[in-house]
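Each residue of the sequence shown is one higher than the one before, starting from 8 at the first, in this note's numbering.
We treat Cβ as the ideally placed atom computed from N, Cα and C, and that holds for glycine.
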Amino acid sequence: MASGSQNRTSGERHLGPWAIIALVGVAVAFVTASSDLTEIRRAEADIHWAEPVLWEITSAIAIIALAPLIGLAMRRWPPREDNLLRPGLIHFALTIPFAAAHVTAIFVARESAYWAVGAHYGFFEEDGVLGTFVYEWRKDVLTYAAIAALYWWFQLRAEKRPTPTAADPRIEIRDGGAAVFLGPDDILFVEAAGNYIEFHTAGRTHLVRGTLAAWEARLAARG
Numbered sequence: 008m009a010s011g012s013q014n015r016t017s018g019e020r021h022l023g024p025w026a027i028i029a030l031v032g033v034a035v036a037f038v039t040a041s042s043d044l045t046e047i048r049r050a051e052a053d054i055h056w057a058e059p060v061l062w063e064i065t066s067a068i069a070i071i072a073l074a075p076l077i078g079l080a081m082r083r084w085p086p087r088e089d090n091l092l093r094p095g096l097i098h099f100a101l102t103i104p105f106a107a108a109h110v111t112a113i114f115v116a117r118e119s120a121y122w123a124v125g126a127h128y129g130f131f132e133e134d135g136v137l138g139t140f141v142y143e144w145r146k147d148v149l150t151y152a153a154i155a156a157l158y159w160w161f162q163l164r165a166e167k168r169p170t171p172t173a174a175d176p177r178i179e180i181r182d183g184g185a186a187v188f189l190g191p192d193d194i195l196f197v198e199a200a201g202n203y204i205e206f207h208t209a210g211r212t213h214l215v216r217g218t219l220a221a222w223e224a225r226l227a228a229r230g
């Protein structure tokens with residue numbers, strides 16, 4: 008029972024934030040693409056409607072795919088009340104490879120899509136590789152921070168849950184009018200004695216009313 012609870016907690020901690028990120032990512036992509044289309048119509052620009060949709064979808068897919076890696080980083084270097092600086096610096100540094108992976112993914116996806124229809128995108132042509140990366144990195148710092156905060160919240164929530172305790176393996180028997188608790192290792196053997204059962208332990212023998220079959224089933228359930 009405790010193992011199942013721990014597995015559910017682990018699954019919630021891993022899949023819960025990722026599912027939220029996926030839903031929010033799709034919603035943001037839809038809203039941003041819609042805004043881009045509105046601006047394009049207002050400017051009467053010669054841009055096909057599918058282009059902003061492609062831009063936002065490729066970015067959202069890349070971020071959603073990379074999000075679990077941020078979760079891994081948060082588990083590896085979790086911020087603590089007594090240690091915020093070091094994890095903070097580590098995660099700030101990790102925004103650079105995160106942005107690099109994001110930029111690489113959208114570059115490959117968009118250039119491939121444009122090439123497939125015989126068009127040219129030119130992702131780095133306007134600002135160059137460095138300028139484009141810095142532009143995307145500024146946004147990705149905020150994206151990383153938001154995703155990291157979500158994973159951190161799930162971690163703190165899981166840590167505050169009480170740890171399931173194992174059931175007491177001892178059994179209660181009634182020896183006369185007294186309640187006696189015996190662990191499985193305390194019982195040497197059990198035998199029938201008329202309408203009673205004798206529990207033999209190292210220290211003494213306990214006489215308990217009942218049938219041998221009923222007590223054997225009860226003891227087997229306790230291991």
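Rank 137, 48 and 204 by C-alpha distance to the C-alpha of residue 225 and give the top, closest one.
204
Quick one: does residue 35 have its CB under 8 Å from some CB of chain B?
Checking the listed chains, one finds no chain B in this structure; it contains a single protein chain.
Just to confirm, is the Cβ distance from residue 63 to residue 110 under 8 Å?
no
Expressed to the nearest angstrom, what Euclidean distance is found between the alpha-carbon atoms of residue 211 and residue 192?
14 Å
I'd like to check one pair, residue 154 with residue 52: are the Cβ atoms closer than 8 Å?
no
Can you tell me whether residue 12 is helix, strand or coil according to DSSP?
Summary for residue 12: the model assigns pLDDT 48, below 50, so the residue's position carries little reliability; its value from the coordinates is reported in the next sentence. Three-state result, residue 12: helix.
By DSSP, does residue 131 sit in helix, in strand, or in coil?
coil
If you run the structure through DSSP and keep just helix, strand and coil, what is residue 216?
strand
To the nearest angstrom, how far is the alpha carbon of residue 9 from that of residue 24?
Low local confidence applies: a pLDDT of 45 at residue 9 is under 50, so the model's placement there is unreliable, and no value is given.
Counting C-beta neighbours from all protein chains within 10 Å, is the total for residue 113 16 or more, i.e. buried, or is it exposed?
buried
Coil, strand or helix - residue 54 by DSSP
coil
Mind checking who residue 182 pairs with in its DSSP beta bridge?
185
State yes or no: is the C-beta of residue 67 within less than 8 Å of the C-beta of residue 35?
yes
Along the alpha helix (DSSP H) that carries residue 110, what are the first and last residues, could you check?
92–123
Tell me whether the beta-carbon of residue 117 lies closer than 8 Å to the beta-carbon of residue 128.
yes
Where do the ends of the beta strand (DSSP E) carrying residue 198 lie?
194–200
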